[in-house]
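Read through the structure below, which is laid out as structure tokens, and then see the notes.
Pasting the structure below:
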């Protein structure tokens with residue numbers, strides 16, 4: 032038979048109205064969380080997927096601290112997310128802290144910066160953000176992204192590519208097929224398919240970076256075979272001074288070689304005269 036603890040204000044779960052049983056509820060700081068363990072998992076995630084806003088909102092509801100450090104560690108732990116989060120709080124000696132002690136954009140620059148990127152991409156994981164930012168950068172250095180329409184198209188391509196990787200990882204053939212078709216459609220609409228890309232190049236719709244890359248590959252600048260002007264100055268000026276002072280060095284040898292180019296071989300001239 033279910034029993035009610037004197038440490039619990041409500042004898043049932045606020046989420047599903049399940050009758051209280053000590054084994055089904057978390058006991059923290061001398062009181063029970065008013066949601067059963069199952070509801071804690073459901074209410075703190077987006078259908079089993081981590082979402083920073085939903086997770087933080089649930090912590091606020093139960094007056095528990097949102098630790099950004101623990102949240103970051105939680106990304107790689109898997110389910111059950113809420114239970115693992117409580118374990119991380121215990122490990123960090125934060126289990127008794129309340130929501131007012133939370134990390135927020137106003138008191139934590141890392142939270143502020145990361146939330147900006149999470150909102151930009153509409154994802155919940157900084158590992159996803161890192162992938163998306165790298166993917167976008169690759170498009171950015173390859174094409175001229177100079178309009179809102181192009182920005183939106185490239186962002187959609189990045190998000191689809193992320194979903195494609197996840198579908199491959201989960202071996203979800205049906206989802207993968209749909210995503211590949213969607214990617215092809217976006218590429219076509221944005222005029223970024225390979226056959227269209229060739230046409231764009233003919234019409235000079237290519238970024239400066241791509242043109243430079245093309246020139247470097249097809250018509251690279253040859254190495255300069257002429258002596259560097261600094262070395263040339265060194266040879267003539269230092270070499271002449273060394274000659275005046277009666278000194279010898281590598282510079283003197285180079286100076287003499289250069290000087291010979293402009294001199295006259297007297298013996299050779301005399302021999303020519305004799306003949």
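In my numbering, the protein residues as written are 32 to 306.
Here a beta-carbon is modelled for each residue, glycine too, at the ideal position from N, C-alpha and C.
Residue span of the alpha helix (DSSP H) that contains residue i, given as start and end
| i | result |
| --- | --- |
| residue 112 | 112 to 122 |
| residue 292 | 281 to 293 |
| residue 195 | 179 to 200 |
| residue 141 | 140 to 152 |
8 Å Cβ cutoff met for residue i and residue j
| i | j | result |
| --- | --- | --- |
| residue 101 | residue 66 | no |
| residue 207 | residue 199 | yes |
| residue 97 | residue 57 | no |
| residue 112 | residue 105 | yes |
| residue 193 | residue 213 | no |
| residue 85 | residue 76 | yes |
| residue 283 | residue 270 | yes |
| residue 146 | residue 136 | yes |
| residue 172 | residue 277 | no |
| residue 186 | residue 167 | yes |
In DSSP terms, what residue i is bridged to
| i | result |
| --- | --- |
| residue 62 | 59 |
| residue 50 | 43 |
| residue 80 | 77 |
| residue 67 | 56 |
Rounded C-alpha distance that separates residue i from residue j
| i | j | result |
| --- | --- | --- |
| residue 103 | residue 263 | 60 Å |
| residue 155 | residue 210 | 20 Å |
| residue 148 | residue 55 | 37 Å |
| residue 243 | residue 177 | 18 Å |
| residue 132 | residue 158 | 26 Å |
| residue 89 | residue 74 | 7 Å |
| residue 108 | residue 82 | 14 Å |
| residue 141 | residue 184 | 29 Å |
| residue 220 | residue 181 | 10 Å |
| residue 280 | residue 266 | 11 Å |
DSSP-derived helix/strand/coil call for residue i
| i | result |
| --- | --- |
| residue 298 | helix |
| residue 266 | helix |
| residue 275 | helix |
| residue 125 | coil |
| residue 109 | coil |
| residue 206 | helix |
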